[in-house]
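Participant:
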Amino acid sequence: MLTHEEKINRIASKLKERKSAAPVSFKKKSVSHQVPKPQDKRYLDEKIDLSDLNEILFIDTEREICVAEPGVTFIDLVRETLKHNLVPAVVPELETITIGGAVAGGSLESMSYKYGGFHDSCLEYEVITATGNVITCTPDNDNKLVFQMVHGTFGTLGVISRIKFKLLPAKPYVHVAYEKYNNLEDYKKATWKHYQTQDVDFMDGIIHSPTELVLSIANFADEAPYTHRYNWMRVYYQSTKKRKEDYLKTADYFFRYERGVTHVSFNSFLGRFFFGKFVTSTNVLRIVEKFHKLITPDKIPITIDLFIPFSKMTGFFEWYKKEINHFPLWWVPYKMVRRYEWISPDFFEQTNDGLFLDVAIYGMKKSGGKNYYRMMEEELISIGGIKTLISNNYYSEKEFWKIWNKQNYDQVNEKINPIQTVKEAGGAIKQRVFGYIAAGLGLVAGLAWNDAIKVLIERFIPDTGNTIIAKITYAIILTLIVGFIIFYLERLLNKKS
67 MLTHEEKINR IASKLKERKS AAPVSFKKKS VSHQVPKPQD KRYLDEKIDL SDLNEILFID
127 TEREICVAEP GVTFIDLVRE TLKHNLVPAV VPELETITIG GAVAGGSLES MSYKYGGFHD
187 SCLEYEVITA TGNVITCTPD NDNKLVFQMV HGTFGTLGVI SRIKFKLLPA KPYVHVAYEK
247 YNNLEDYKKA TWKHYQTQDV DFMDGIIHSP TELVLSIANF ADEAPYTHRY NWMRVYYQST
307 KKRKEDYLKT ADYFFRYERG VTHVSFNSFL GRFFFGKFVT STNVLRIVEK FHKLITPDKI
367 PITIDLFIPF SKMTGFFEWY KKEINHFPLW WVPYKMVRRY EWISPDFFEQ TNDGLFLDVA
427 IYGMKKSGGK NYYRMMEEEL ISIGGIKTLI SNNYYSEKEF WKIWNKQNYD QVNEKINPIQ
487 TVKEAGGAIK QRVFGYIAAG LGLVAGLAWN DAIKVLIERF IPDTGNTIIA KITYAIILTL
547 IVGFIIFYLE RLLNKKS
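Read in order, the letters of the sequence shown are residues 67 to 563 in our numbering.
1) The ligand SAH and Glu-444: does the residue's C-beta get closer than 7 Å to at least one heavy atom of that ligand?
2) Taking all protein chains shown into account, decide if Met-67 is buried (16 or more other Cβ within 10 angstroms of its Cβ) or exposed.
3) On the premise that Phe-321 lies in contact with Ile-141, defined as a C-beta separation below 8 Å, what is that separation, rounded to the nearest angstrom?
4) In whole angstroms, what is the alpha-carbon distance linking Ser-173 and Trp-397?
5) Ser-176 and Ala-284 look like a contact to me (Cβ under 8 Å); what is the Cβ gap, rounded to whole Å?
6) With a Cβ-Cβ cutoff of 8 Å, do Ile-122 and Val-138 count as a contact?
7) Rounded to a whole number of angstroms, what is the C-alpha to C-alpha distance between Arg-228 and Leu-455?
8) Where does the unbroken beta strand (DSSP E) through Trp-470 begin, and where does it stop?
9) Does the distance from the C-beta atom of Thr-39 to that of Ile-125 stay below 8 Å?
10) For Asn-75, which of Glu-130, Pro-394, Thr-195 has the nearest alpha-carbon?
11) Would you check if there are 3 or more beta carbon pairs closer than 8 Å linking the stretch 191-206 to the stretch 473-484?
12) Near Tyr-438, which residues of its chain fall below 8 Å by C-beta distance, leaving aside the five closest residues on each side in sequence?
13) Assuming Pro-375 and Asp-318 are in contact, meaning their beta carbons sit under 8 Å apart, how far apart are those beta carbons, in whole angstroms?
14) Shortest alpha-carbon distance to Ser-282 belongs to which of Thr-222, Lys-310, Arg-325, Ser-117?
15) Quick check: the stretch 247-265 against the stretch 222-239, are at least 3 beta-carbon pairs closer than 8 Å?
16) Do the stretch 461-473 and the stretch 408-427 make contact, defined as three or more Cβ pairs closer than 8 Å?
17) Look up Thr-263 in the DSSP assignment and say whether it is helix, strand or coil.
18) Excluding the 5 residues flanking His-150 on each side, which residues of the same chain have their C-beta closer than 7 Å to its C-beta?
19) Whose C-alpha, out of Lys-472, Asn-458, Ser-457, is nearest the C-alpha of Lys-464?
20) Going by DSSP in three states, Ala-189 sits in which element: helix, strand or coil?
21) Mapping DSSP to helix, strand and coil, what is Met-379?
22) Within a Cβ cutoff of 6 Å, which residues of the same chain sit near Lys-82, ignoring the five residues on either side of it in sequence?
23) My output table needs one value for Thr-48: the three-state DSSP class, helix, strand or coil.
24) Do the CB positions of Val-478 and Leu-211 come within less than 8 Å of each other?
25) Since Ala-426 is in the beta strand (DSSP E), which residue starts that stretch and which ends it?
26) Taking only the alpha-carbon atoms, compute the straight-line gap between Tyr-313 and Asp-252 and give it to the nearest angstrom.
27) Using alpha carbons as the reference points, say which of Leu-116, Tyr-400, Asn-248, Lys-230 lies closest to Pro-205.
28) Among Ala-155, Gly-381, Gly-221, Thr-222, which one has its Cα closest to the Cα of Leu-189?
29) Would you say Met-215 reaches chain C, if we count a Cβ-Cβ gap shorter than 8 Å as a contact?
30) Should Ser-377 go down as buried or exposed, given a rule of 16 or more other Cβ atoms within 10 Å for buried?
31) Which class does Arg-84 belong to by DSSP, given the choice of helix, strand or coil?
32) Following the continuous beta strand (DSSP E) through Gly-271, name the residue where it begins and the one where it ends.
33) Cα separation between Asp-208 and Ile-447?
34) Between Ala-518 and Ile-547, what straight-line distance do the alpha-carbon atoms span, to the nearest angstrom?
35) Which residues does DSSP pair with Glu-389 in a beta bridge?
36) Quick check: Val-327 and Tyr-400, are their CB atoms within less than 8 Å of each other?
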């Protein structure tokens with residue numbers, strides 16, 4: 067097994083030896099959390115192999131610090147740190163998100179109301195430039211602007227090859243209590259109260275409808291009278307509507323949304339029984355990666371994180387109900403830890419809020435020929451909101467650089483000589499990244515009940531119509547089909563890795 071230094075030397079040497087100035091992209095061991103696009107030029111790029119950068123280098127239990135390579139997944143990280151009664155400050159909701167992806171892309175969860183994003187807990191990055199130089203970046207050394215700017219740039223400012231970050235004390239269990247509200251104003255007041263007092267370890271929520279709002283507040287616990295897992299028949303977000311409280315093992319709490327946040331496929335009893343155990347984010351995304359050429363844009367549900375200043379939430383919600391009106395929504399309070407260097411000064415002139423509310427839409431079907439992404443962008447611009455770039459983007463170049471900091475980006479870009487330039491910054495920014503797991507789950511659900519499949523089955527089993535026999539037949543056949551695909555892909559991917 068190669069040491070970390072040997073891995074870095076291999077990557078740096080490959081970059082130094084490159085003669086072409088054409089963009090390259092990265093080959094990673096973990097599944098990509100970006101839904102592939104057939105026209106994406108990255109499929110034709112030269113690949114830089116980062117697949118072996120997936121080790122935890124050490125855990126310092128006394129200083130509560132971890133150093134790890136960027137390909138470490140959060141499920142593997144949590145399993146290791148919990149052995150020492152420690153966890154990362156922010157653990158994203160999906161098991162196979164990597165720590166490098168959480169920095170270069172984005173990350174938040176129910177501890178974000180205290181700690182912001184995962185990147186806010188980071189102390190040091192090792193970065194490989196496009197020319198093969200290896201630099202160390204901290205908040206206060208000569209590369210401090212690089213340290214602040216690599217977040218959210220999706221790998222366009224060098225290769226993050228090592229991350230040092232803080233850990234927090236943890237306990238074996240999490241106790242969740244569900245506060246129920248019937249209007250937004252009371253819901254906001256409760257959120258603000260917990261934000262001000264910092265009296266719970268975790269806070270997020272589900273807005274099931276404008277009159278059914280659930281705030282999930284949780285704390286670490288030493289013991290639990292019972293525990294639930296949401297990895298098969300039960301769907302977590304649905305449980306928040308029915309239960310008053312719950313207990314989960316700590317790792318199960320962190321990944322309670324692994325099978326979907328508010329966009330879970332196969333909601334029926336039969337669907338959950340046959341598919342619930344197997345339709346994980348990893349399996350779905352592997353299938354989507356393998357068959358990306360079959361994906362059409364209309365099959366991909368709308369997935370977007372909208373960060374709304376707390377002071378603007380009431381007005382935004384009224385607009386949202388009138389123009390969008392999709393529910394349920396995931397509600398994640400997010401503390402803006404600092405005036406981030408990657409955000410434009412123009413943006414800060416519009417808002418001074420320290421608390422933002424991530425209103426996350428997952429699995430919304432496209433209808434009516436409307437460009438909902440653009441509608442939401444325009445509303446965000448008007449209220450001083452922001453969104454992550456994981457979704458489709460339609461900003462003009464001028465609009466884009468009024469939100470993101472062009473001066474700082476260009477300064478770091480010149481220093482790092484990025485491996486992959488920001489293609490969208492030269493004109494209208496479109497089709498940046500499709501969705502996370504919502505899109506994959508939506509695709510599988512759409513394929514599973516596609517009319518073509520039904521017609522094919524009815525051809526061999528006539529006169530079944532929409533009877534119980536037909537539904538059971540569909541379920542059995544689809545179980546075999548999906549099971550075979552997952553089995554085949556698992557074997558194929560395991561051989562390659």
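Where a beta carbon is used, it is the ideal one built from N, C-alpha and C, also for glycine.
Facilitator: From the atom records:
1) As far as ligands go, the structure on display features none, and thus does not contain the ligand SAH.
2) exposed
3) 7 Å
4) 14 Å
5) 7 Å
6) yes
7) 23 Å
8) Here Trp-470 belongs to no beta strand (DSSP E), and DSSP marks it neither H nor E.
9) Lying outside 67 to 563, the shown extent of the chain, residue 39 is not represented and no answer is given.
10) Thr-195
11) yes
12) Ile-368, Ile-390, Met-430, Lys-432
13) Going by Cβ atoms, the distance from Pro-375 to Asp-318 rounds to 33 Å, so no, they are not a contact pair.
14) Lys-310
15) no
16) yes
17) helix
18) Ile-125, Thr-127
19) Lys-472
20) Sequence check: residue 189 is Leu here, not Ala. In the structure shown, Leu-189 sits in a strand (DSSP, three-state: E or B).
21) helix
22) Gly-198
23) Because the chain in this structure spans residues 67 to 563, residue 48 falls outside the shown range and cannot be described.
24) yes
25) 421-430
26) 25 Å
27) Lys-230
28) Ala-155
29) Checking the listed chains, one finds no chain C in this structure; it contains a single protein chain.
30) exposed
31) coil
32) 268-275
33) 34 Å
34) Unreliable positioning characterises Ala-518 in this predicted model, as indicated by a pLDDT of 45, which lies under 50. A coordinate reading is not provided.
35) Answer is none; Glu-389 lacks a bridge partner.
36) no
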